[in-house]
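The UniProt record's numbering numbers the first residue of the sequence shown as 1 and each following residue consecutively. The beta carbon of each residue, even a glycine, is placed where N, CA and C say it ideally should be. Take a look at the structure below.
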Amino acid sequence: MLVTDAGEIRLRLFPDQAPLAVANWRSLAEQGVYDNTPFGSCH
């Protein structure tokens with residue numbers, strides 16, 4: 001879950017389809033790499 005100033009965003013990951021990407025993302029998140037990272041709009 002991402003926590004932003006505008007509220008929470010629940011993420012849905014697909015380890016069966018992208019196991020390495022999901023493992024990498026989870027590892028970085030657990031290390032705190034994304035903590036306090038600016039989050040902007042996505043188009």
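Secondary structure note for residue 2: its beta strand (DSSP E) is the uninterrupted segment 2-4. Bridge pairing for residue 8: 3 [DSSP].
Counting along the chain, the unbroken alpha helix (DSSP H) around residue 22 starts and ends at 19-30.
If you ignore the 5 residues before and after residue 10, its C-beta comes within less than 6 Å of the C-beta of 1, all in its own chain and listed in chain order. When only Cα atoms are considered, residue 21 and residue 15 end up about 8 Å apart.
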